[in-house]
Amino acid sequence: MPHLQYTGPDGVTQRFQLRHRITQIGSSRDCHLVLQGPDIAASHCTIEHTAGSFKVESSSRSTVFFVAGKKLREHVLRHGDVLLLGNVEVTFSAVDPPASAADPESAARLQIDAMRNLQRFSELLARAESSFDGLLSELIDQVVALTGASKGFLVLTEGERYAIRVARGLDRQPVDDPEQLLSDKIIREVITSREPQIISDALNDGRFQNSMSVINLKLCSVMCAPMIVRGELIGLIYVGNNSVVNLFKPSQLEMLRVYATQAALSIKNAQTLGELRNESAGLQKRLDQVKFGQIIGACPQMIEVFKRVDKVAGTDINVLVTGETGTGKELIAQELHNRSPRAKGPLVTVNCGAIPENLIESELFGHIKGAFTGAVNNQIGKFQAADKGTIFLDEIGEMPMHLQVKLLRVLQDRQIQRVGDTRTQPIDVRVVAATNRDLAKEVQSGRFREDLYHRLNVIDIHLPALRERGNDILLIARYFVTRYAREYGSKIDPKQPFDASAERGLLRFAWPGNIRQLENHIKKALVLADGPSLTGRDLDLEIEVPGQATPVEIANPEQILPLTEARELWQRDYINRVLALNSGNRTKTARDLGVDPRTIFRHLEKEGDKGAPPR
Ligand SMILES: Nc1ncnc2c1ncn2[C@@H]1O[C@H](COP(=O)(O)OP(=O)(O)OP(=O)(O)O)[C@@H](O)[C@H]1O
């Protein structure tokens, strides 16, 4: 163990082992090493042990020490350095004199020191501030110090090849030209046999005496132990001495083996961590490549959509975004806004289908106090709130006829008139509208004004249904797993989030609720699944052909439910099936079922909460 040696006032030589992370030296009884002398301050200096080095530092400006005649306040100790503190000479030694195996007392001391050193190494390992290379250097320094070797090496292997990661000398410093100091023959022997080796007198050992590396290096004693973790050889620790034969003993080889195991575990953990980091950086990079803002997509249709968004984003042209429910129309509106010169202005969303008909006008254009019962204050509308920005009119197909006229006027004149007001006010907004209806058909059937349709539909961006996006389904599903796994405390392996049944289900399911529905399935599965990968069952995708069985049958054909519950289940299923037949079009579904569109909204909201699939 590294220690200080000095002569006490009684003339007896003393050894003080540097066991602490910080050793305090001075004349005070509170110091770890108490030295007496006229010029020694109560707290004179400290020696700090960090991975790979011992640094001595004055405790205050007025206390100094000398090394090789130089007055110093701080200094990194090397083996053999003599510190002059006051008039006391203290010699730093990185190593103990080699223990004699014949001497049971020194052999026992060696074991105890080895254990202490390993404990110190584990403490260093646990401290996050130590660099990994510093830790490995510390480990080799300890091995060198404990064995009496003159050099120590940590070598990492990869199949037949190997590379020196750490090479240290007795003075706890890196050695120059380490490749010239190792015997290739001995290393190969350990790689092949995977057994630790002691070579007591290499030049006279029949196995190695003809090896050029052994001859050139004039090797005497060498000891080498493989680093094996979970059956895999990842490297070896090699120590050598060129001047003493028969230096290493079996007890030291045993100790080297323990160090090699410890080093192997630390390196493997660090490698695994590094790999995980690289992997998640790789995944992130791959994800970034298929991401357009917040939108994941790599299929040809989506690439076309992204190109189109890029082309029109910089203009003030009105855009109509079409596509089934949950296909990402709102995300497209966000991208159009974020990529436009209006990005610093507001993006205001209005869901025309969710506002009661009698309130839509005031919601859009505002009202003045007293305009109608309940109008107790002047109120600006969404158009004014979106001034200098973008207004996103979602579900534009739900806009009542009489308001379509007003909206057309606003788009033409760029002026709004609040409800109850006689004056108009200018507004500067870009309009993006969206619908999951076929507006051209609505025009034909007289439910949507043709002039407004043309005004809104200067550029059309159509989003394909999820089932038409091929492998994008898996990409988006993986993205949701990464996005929600941590939030939901899920243990799903992000490298392999789905098993084969899940992938099959994801690709075959019709997804009438598109990406929103997929998102809900993933969230639910993350909460309920036990992992490590999500299965088709976890995702509720075992029924591959939607609409073939009722939920009552699916749950359990023999199960008898209370009538209200069975009716509710059947109704839910039926609405979902009609929605699927209508490609998610809520208004058409409401019409077909003879209910108010808001009933369908409420139904879909409930489905979203449950994360259950509309089948
Ligand atoms: N390509 C995509 N990548 C990642 N997430 C997406 C993608 N498309 C949609 N989403 C997510 O799916 C959900 C539904 O998207 P969005 O609200 O934009 O759809 P929508 O077409 O506007 O729906 P609706 O017609 O019901 O208003 C949102 O949570 C959105 O973030």
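In the numbering used here, the protein residues as written are -8 to 606. Don't be surprised by glycine CBs; every beta carbon is placed ideally from N, CA and C. Note that the structure is a prediction, hence the values are computed from the model and not measured.
Residue i beta carbon near ligand 1 (any heavy atom closer than 7 Å)
i	result
Ile467	yes
Tyr470	yes
Thr578	no
Gly288	yes
Glu433	no
Asp442	no
Ala425	yes
Asp385	yes
Gly388	no
Gln285	yes
Lys142	no
Gly319	yes
Ile13	no
Thr526	no
Thr306	no
Leu322	yes
Glu354	no
Cβ neighbours of residue i in the same chain (closer than 7 Å, five flanking residues each side left out)
i	result
Tyr444	Leu430 and Val434
Ile452	Val296, Arg299, Val300, Val310, Val312 and Ile323
Leu256	Val220
Thr4	Gln(-4) and Thr(-2)
Ala261	Phe123
Own chain residues within Cβ distance below 6 Å of residue i, not counting five before or after
i	result
Ala674	Outside the modelled stretch of the chain, which goes from -8 to 606, sits residue 674, for which no answer is possible.
Arg458	Ala501 and Trp502
Pro332	none
Asn108	Gln133
Gly411	His358, Ile359 and Ala362
Reduced DSSP secondary structure (H/G/I, E/B, other) of residue i
i	result
Arg499	helix
Lys482	coil
Val434	helix
Arg428	coil
Glu386	coil
Asp412	coil
Met106	helix
Ala216	strand
Arg421	strand
Ser19	coil
Ile346	coil
Gly125	helix
Glu315	coil
Asn547	Unreliable placement is indicated for Asn547, whose pLDDT of 44 sits below 50; no coordinate value is reported for it.
Ile13	strand
Thr183	helix
Thr590	helix
Thr381	strand
Arg563	helix
Ala93	Residue confidence is low: Ala93 scores 49 on pLDDT, short of 50, so the model does not pin down where it sits. Its coordinate-derived value is still stated next. Of the three classes helix, strand and coil, the one that applies to Ala93 here is coil, per DSSP.
Phe363	coil
Thr580	helix
Residue i burial status per 10 Å Cβ neighbour count (16 or more: buried)
i	result
Pro0	exposed
Leu(-5)	buried
His70	buried
Gln562	exposed
Leu247	buried
Pro165	exposed
Thr578	buried
Met655	This structure leaves residue 655 out entirely; the chain is present only between -8 and 606.
Phe363	exposed
Met390	buried
Gln188	buried
Asp175	exposed
Thr580	buried
His66	buried
Ile103	exposed
Asn462	exposed
Close beta carbons around residue i, own chain, < 8 Å, minus the five adjacent residues each side
i	result
Ile13	Thr37, Ile38, Glu39 and His40
Gln416	Gln375, Gln406, Ile407, Gln408 and Arg409
Ser18	Val25, Leu26, Gln27, Gly28, Ile31, Ala32, Ala33 and His35
Glu326	Phe283, Gly284, Gln285, Ile286, Val300 and Ala304
Asp490	Ser524, Leu525, Thr526 and Gly527
Short CB-CB distance (under 8 Å) between residue i and chain C
i	result
Glu65	Protein chain content of the structure displayed is limited to a single chain, and chain C is not contained in it.
Item to check | Completely contained beta strand (DSSP E) runs for the stretch 220 to 251, where each covers 3 or more residues | outcome: Segments of the beta strand (DSSP E) lying fully in the stretch 220 to 251: 223 to 232.
Checklist entry - Which ranges does the beta strand (DSSP E) cover as unbroken runs of at least 3 residues, wholly within the stretch 127 to 174, from first to last along the chain? => result If we require 3 residues or more, the beta strand (DSSP E) runs fully inside the stretch 127 to 174 come out as 142 to 149 and 152 to 160.
Next on the checklist: At 3 residues or longer, what runs of the beta strand (DSSP E) sit wholly inside the stretch 30 to 69?
Outcome noted: For the stretch 30 to 69, whole beta strand (DSSP E) runs of length 3 or above, ordered along the chain, are 36 to 41, 44 to 49, 56 to 58, 61 to 63 and 65 to 67.
Item to check | Any beta strand (DSSP E) of 3 or more consecutive residues that is wholly inside the stretch 441 to 483 | outcome: 450 to 453, all fully within the stretch 441 to 483.
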